[in-house]
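Each step along the sequence shown adds one to the number in UniProt numbering, with nothing skipped, and position 219 is 219.
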Amino acid sequence: MGKLRIASIGSSSSGNAYIVSNGKTRLLLDVGLTAKRIKEGLAECNLTSDDIQGIFVTHEHVDHVKSIRAIAKACAGAKVYTSRGTAGSCDKFEHIRAEQLEYMSAQDVVRIGDLSIKAFALSHDAAEPLGFSFMEEGEQLSVATDTGVVTDEIDEEVKHANTLVLEANHEESILQMGDYPYSLKRRILGEYGHLSNVASGITIARALLARKCVGRSDSDQRIMLAHLSSHNNTPDTALLTVRNILDENELCQGSDFTIKVAAKDSLTVL
């Protein structure tokens with residue numbers, strides 16, 4: 001098993017925050033939960049704010065930036081990495097010290113400790129949303145949530161990741177039959193919305209098959225389904241839909257991959 005690990009402190013349409021670590025370098029990805037909950041999550045991983053060496057923010061929506069001001073202050077030794085579009089679209093970033101803020105664009109790479117972190121573009125209704133890949137010694141951990149479609153750029157990152165956190169936001173039939181306004185349904189289902197369970201399953205299958213073709217498939221392909229909607233999905237539904245697609249492609253849990261769903265309100269470690 002590789003050294004790169006990710007722990008979801010909580011993930012849903014209501015709030016998201018993750019810890020990425022290789023045991024030496026420790027980073028936060030998104031801070032869309034309360035500062036209290038994020039600090040509790042750190043403590044559950046035997047960490048404190050002082051252990052964090054970098055904070056990465058994908059985009060400006062509140063379920064990803066809720067406590068950026070408090071967490072940036074608590075992690076005073078860590079820089080905050082995000083896009084200019086994100087920082088310029090959210091007044092919370094005005095309270096972060098200029099010397100603490102670092103801007104990234106898609107395809108930029110920064111080095112923190114012994115990790116390289118690469119940004120890639122997402123397709124979402126935000127100013128300049130980014131996904132991130134964390135890399136060390138042939139390992140890659142990629143996180144892609146809040147994207148309406150899987151672009152070639154995202155697909156390339158997913159295919160190279162042996163640890164993947166991918167959005168499985170909604171079951172389309174539940175969303176279509178639900179009581180959301182038509183305009184909101186269109187937004188979620190659109191090019192700049194969110195990935196469905198089916199889209200997530202197809203993306204994962206394509207990535208695993210691509211890795212098998214080049215002899216890179218093994219049981220250490222770890223997958224976490226994340227950013228589930230509380231209204232239009234359930235963990236069991238997401239897991240069943242994705243597993244069925246993987247089964248149809250003759251991909252077997254245990255020999256080809258392991259998979260779990262990020263909990264909404266508790267720690268999930270991959």
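Backbone N, C-alpha and C define an ideal beta-carbon position, used for all residues, glycine too.
Just so it is clear, the structure is predicted and the values come from calculations on it, not from any experiment.
Collapsed DSSP secondary structure at residue i in the structure displayed
i, result
"Ile-174", "helix"
"Glu-44", "helix"
"Thr-258", "strand"
"Tyr-180", "coil"
"Leu-270", "coil"
"Leu-239", "helix"
"Asn-197", "helix"
"Ser-142", "strand"
"Ser-49", "helix"
"Val-149", "coil"
"Asn-16", "strand"
"Asp-220", "coil"
"Thr-163", "strand"
"Leu-251", "coil"
Beta-carbon spacing of residue i, residue j below 8 Å
i, j, result
"Glu-136", "Gly-85", "no"
"Ile-117", "Phe-93", "no"
"Glu-167", "Thr-145", "yes"
"Val-198", "Ile-259", "no"
"Lys-79", "Gln-100", "yes"
"Ser-200", "Leu-130", "no"
"Ala-262", "Ser-21", "no"
"Ser-142", "Glu-153", "no"
"Leu-29", "Phe-56", "yes"
"Asp-51", "Arg-26", "yes"
"Leu-267", "Glu-44", "yes"
"Leu-164", "Phe-134", "no"
"Leu-42", "Ile-19", "yes"
"Tyr-81", "Val-109", "no"
"Ser-229", "Ser-89", "no"
"Gly-178", "Arg-187", "no"
Cβ-Cβ separation, residue j to residue i (assumed contact under 8 Å), whole Å
i, j, result
"Ala-121", "Gln-140", "So it is not a contact: roughly 17 Å between Cβ atoms."
"Leu-270", "Arg-222", "5 Å"
"Asn-249", "Ala-205", "4 Å"
"Met-104", "Ala-126", "The pair is not a contact, with the Cβ atoms about 14 Å apart (cut-off 8 Å)."
"Ile-112", "Ile-71", "That pair is no contact at about 16 Å."
Counted within 10 angstroms of its Cβ, other Cβ atoms place residue i as buried (16 or more) or exposed
i, result
"Lys-24", "exposed"
"Asp-256", "buried"
"Asp-63", "buried"
"His-95", "exposed"
"His-124", "buried"
"Thr-48", "exposed"
"Ala-59", "At residue 59 the sequence reads His, which differs from the Ala that was named. So His-59 ends up on the buried side."
Proximity test, residue i beta-carbon vs the ligand MG heavy atom, cut-off 7 Å
i, result
"Lys-24", "As presented, the structure is devoid of all ligands, the ligand MG included, so that no description of it is given."
Checklist entry - In chain order, which alpha helix (DSSP H) runs of at least 4 residues are fully inside the segment 53-125? => result Taking only runs of at least 4 residues, the alpha helix (DSSP H) segments lying wholly in the segment 53-125 are 62-65, 68-74 and 84-88.
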